[in-house]
């Protein structure tokens with residue numbers, strides 16, 4: 038699979054025996070390596086003029102690795118939805134994933150790992166600022182909002198309040214036969230066919246796709262400096278920025294997913310589907 042090239046580049050200094058096996062070790066290395074490398078890049082982009090680049094890089098990579106490890110553990114907890122047949126593991130995974138992605142965002146923004154935390158619930162993002170004075174801010178993720186609104190107004194989709202509260206993710210159901218696999222994830226919302234709403238393994242699989250959506254949050258931090266310049270120049274943009282958290286990782290994630298589909302031999306011959314299948318223990322191509 039194409040994206041495995043990225044994994045190999047990230048962990049190329051490790052023994053071949055370790056990275057050639059599709060095990061929890063490899064999945065951990067992928068999450069740790071991805072977030073370490075790209076947090077380091079983000080930290081350099083957000084470096085202050087008086088800071089030394091090598092210290093900023095090492096700090097960003099170290100904090101990114103910590104966040105990546107927590108993200109990996111959150112995906113294991115999502116696998117336990119199926120393993121233990123218990124919906125509450127979605128909430129456990131959500132809390133750990135939020136901590137991990139918060140640390141990665143702080144690392145890539147060249148902040149201390151504890152400065153800002155967040156928790157997402159559908160298109161709603163609640164931020165907890167812990168530097169100097171504790172503050173709570175509410176923001177809307179516009180792409181997620183559009184996807185949610187589209188599902189809400191669709192005559193083919195029904196909002197599943199019970200499953201949403203059980204899992205902490207926005208869940209919809211449909212009778213539309215185009216969802217041949219039983220479910221589809223759009224950003225951070227999931228649409229299930231009515232006959233699969235009790236399928237624990239499918240829930241595990243699809244929630245991993247939501248976490249993949251958050252895996253690339255570091256991309257948003259790469260624009261911190263230009264966004265701050267616009268905020269200082271425009272009161273209108275400042276007001277907009279105070280309301281919205283721009284989930285701009287969507288085209289990158291979608292592009293990588295489509296790249297993985299090139300020369301695809303079967304459904305799971307795609308890193309993103311394979312990762313979701315790994316944690317949910319659904320069928321994986323050999």
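In this note's numbering, the protein residues as written are 38 to 323.
Don't be surprised by glycine CBs; every beta carbon is placed ideally from N, CA and C.
Every value quoted in this text rests on a predicted model; they were computed, and no experiment measured them.
Beta carbon of residue i nearer than 8 Å to that of residue j
i, j, result
"residue 153", "residue 135", "no"
"residue 255", "residue 76", "yes"
"residue 209", "residue 228", "yes"
"residue 205", "residue 240", "no"
"residue 146", "residue 105", "no"
"residue 137", "residue 107", "yes"
"residue 224", "residue 198", "no"
"residue 126", "residue 117", "yes"
"residue 211", "residue 194", "yes"
Bridge partners - residue i, DSSP secondary structure assignment
i, result
"residue 239", "Paired residues: none, contrary to the question."
"residue 223", "226"
"residue 208", "227"
"residue 175", "163"
"residue 196", "209"
Whole-angstrom distance between residue j and residue i, CA atom to CA atom
i, j, result
"residue 201", "residue 89", "46 Å"
"residue 231", "residue 220", "9 Å"
"residue 282", "residue 163", "10 Å"
"residue 327", "residue 300", "This structure cannot speak to residue 327, because the chain is shown only from 38 to 323."
"residue 151", "residue 248", "21 Å"
"residue 303", "residue 190", "33 Å"
"residue 305", "residue 148", "37 Å"
"residue 285", "residue 123", "33 Å"
"residue 243", "residue 222", "6 Å"
"residue 98", "residue 277", "31 Å"
For residue j and residue i, believed in contact at Cβ under 8 Å, the rounded distance
i, j, result
"residue 19", "residue 94", "There is simply no residue 19 to check, as the chain begins at 38 and stops at 323 in what is shown."
"residue 186", "residue 226", "Contact doesn't hold; Cβ gap of about 10 Å is too wide."
"residue 245", "residue 129", "With 8 Å as the limit, residue 245 and residue 129 do not qualify as a contact, their Cβ atoms being about 14 Å apart."
"residue 268", "residue 262", "No, residue 268 and residue 262 are not in contact; Cβ-Cβ is about 11 Å, not under 8 Å."
Identity of the residue in the options nearest residue i by Cα
i, options, result
"residue 260", "252, 78, 71, 65", "78"
"residue 318", "105, 87, 66, 119", "119"
"residue 160", "168, 67, 207", "207"
"residue 296", "285, 212, 308", "308"
"residue 113", "87, 84, 65, 98", "65"
"residue 173", "279, 92, 253", "279"
"residue 258", "60, 131, 86, 144", "144"
"residue 293", "92, 142, 237, 250", "250"
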